[in-house]
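Below is one structure; the comments refer to it alone.
In our numbering, the protein residues as written are 6 to 109.
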């Protein structure tokens, strides 16, 4: 549904919500190696992965899980979920505040 690149433009994280066009709800985030245009990892997160954003330092990825009412935190180095944070009902998009304002 949404996608976001790391600050070094090497990796692209893509949240696969599923559910559209009769597809089942998904719980996957795809990691794409941008220079080689290749999926290098699939990470299981909560149900109906929707919003995704990468931290300013490129070490963490945050994904909203609309049905589970959570945000998954992915460690970029290990490509694994390291935290699941309960949030309000139906989280959708997500943003990351940069001290300098806007995107990196």
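Where a beta carbon is used, it is the ideal one built from N, C-alpha and C, also for glycine.
| Query | Result |
| --- | --- |
| Proximity of residue 99 and residue 50 at Cβ, strictly below 9 Å | no |
| Terminal residues of the beta strand (DSSP E) in which residue 79 lies | 75-80 |
| For residue 91: DSSP bridge partner residues | 75 |
| Spatial distance of residue 71 from residue 89 (CA atoms) | 13 Å |
| Residue 76 versus residue 63: straight-line alpha-carbon distance, rounded | 17 Å |
| Residue 92 versus 83, 84, 82 and 78, residue with shortest Cα-Cα distance | 78 |
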